[in-house]
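Below is one structure, written out as structure tokens; comments come after it.
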Amino acid sequence: MERILVTGGAGYIGTHLVEQLLSQGHFVRVIDNGTFGLSGLRPFYGFNRFEMQKGDIQITAHLRKAVNNIDKVVHLAGIVGNPACSFDKDICNEVNVVATKRIFDVAAKGNVKHILFASSCSVYGYGDEVFTEESKLNPVDYYAETKVKGEAIAQSYQDDLAVTLCRFSTVFGASRRMRFDLAVNGMTASAVNRGKCVIYGGQQW
Ligand SMILES: NC(=O)c1ccc[n+]([C@@H]2O[C@H](COP(=O)([O-])OP(=O)(O)OC[C@H]3O[C@@H](n4cnc5c(N)ncnc54)[C@H](O)[C@@H]3O)[C@@H](O)[C@H]2O)c1
């Protein structure tokens, strides 16, 4: 059994990840400030291998408490997507960049052995080719810029602990914390509720 901290564990991806980690027999702690509520984690309250910490990744004291006795961290928490990030770039920078640095700092000083950082395929921008880890980064919006900065922070800690960067593509499907700002989910919701599936551009694949 490993002891795993999931930041942003109450979110769209996090609520699923928590379920999977618990079903694999791990101890899971979540730190999340509940921006979209915490009800997606309700099924796990009462499990003796689950701990919920309502807290903010911007606050060092909250992070220290969160990483206490933790082996591995999955860092999902953040302000997600360009519309949300552009709404207030300063806050987005504080949460996605400054707090990411703080998490790596606190983890490196504690006993954490491994951190996974949730980056995004948006670091590649647009292009016709198939992108790989070797492709040149081309962030075309503020959200993507914060992910590129987050990756650089993560890489700068590689001598202190094991670091994994994952550049997720756009996730789709149902979750306990539903997101309808994602392309396929938005199209599906619009098709069901309005009888229309709106696609901007039309040439993308
Ligand atoms: N969903 C996707 O398609 C997708 C694609 C690429 C990358 N990602 C990345 O994966 C991660 C998770 O995405 P998601 O879709 O689950 O988003 P989400 O918005 O559902 O989850 C983010 C969670 O972070 C929490 N959070 C935000 N600010 C916080 C703070 N200051 N302190 C503590 N918690 C805070 C929110 O309350 C929320 O529960 C993000 O880092 C995102 O950039 C997601």
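Taking the working numbering, the leading residue of the sequence shown gets 6, the next gets one more, and so forth. We treat Cβ as the ideally placed atom computed from N, Cα and C, and that holds for glycine.
Counting every other CB atom within 10 Å of its CB across the protein chains shown gives residue 156 a total of 16 or more, marking it as buried.
Relative to residue 74, the option among 52, 91, 107 and 113 whose CA is nearest is 113. A heavy atom of ligand 1 is found nearer than 6 Å to the CB of residue 18. Of the residues assessed, residue 150 falls on the buried side of the cut-off, its CB having 16 or more other CB atoms within 10 angstroms. Nearest neighbour of residue 123 by Cα position, chosen from 7, 8 and 19, turns out to be 19. Under a 10 Å Cβ-count criterion, residue 69 is classified as exposed, with fewer than 16 other Cβ atoms of the shown protein chains found around its own Cβ. Cβ contact annotation for residue 165 (same chain, cutoff 6 Å, sequence separation greater than five): 113, in chain order.
Taking a cut-off of 8 Å on C-beta distances, the region 168 to 178 does not touch the region 197 to 207, as fewer than three cross pairs fall below it. Under the DSSP definition of a beta bridge, residue 189 lacks any partner. The Cβ atoms of residue 45 and residue 15 sit closer than 7 Å to each other. The beta-bridge partner set that DSSP reports for residue 55 consists of 33. For residue 123, the enclosing beta strand (DSSP E) has its first and last residue at 119 to 125. Assignment of residue 136 by DSSP, reduced to helix, strand and coil, places it in the coil class. When beta bridges are read from the DSSP output, residue 102 appears opposite no residue. A distance below 7 Å between beta-carbons, with the five flanking residues on each side excluded, links residue 30 to the following residues of its chain, in chain order: 6. With the rule of 3 Cβ pairs closer than 8 Å, the region 130 to 148 counts as touching the region 84 to 92. Leaving aside the five residues that flank residue 61 on each side, the residues in its chain whose CB is nearer than 6 Å to its CB run, in chain order, 38 and 67. In this chain, residue 171 is not harboured by any alpha helix (DSSP H); it is covered by the beta strand (DSSP E) spanning 167 to 173.
Counting only runs of 4+ residues, the alpha helix (DSSP H) found wholly inside the region 71 to 100 occupies 87 to 92 and 94 to 98, in chain order. Listed in chain order, the non-local C-beta contacts of residue 58 below 6 Å within the same chain comprise 36 and 71, local neighbours out to five positions each way being set aside. Taking every protein chain shown into account, the CB of residue 12 has 16 or more other CB atoms within 10 angstroms, so this residue is buried.
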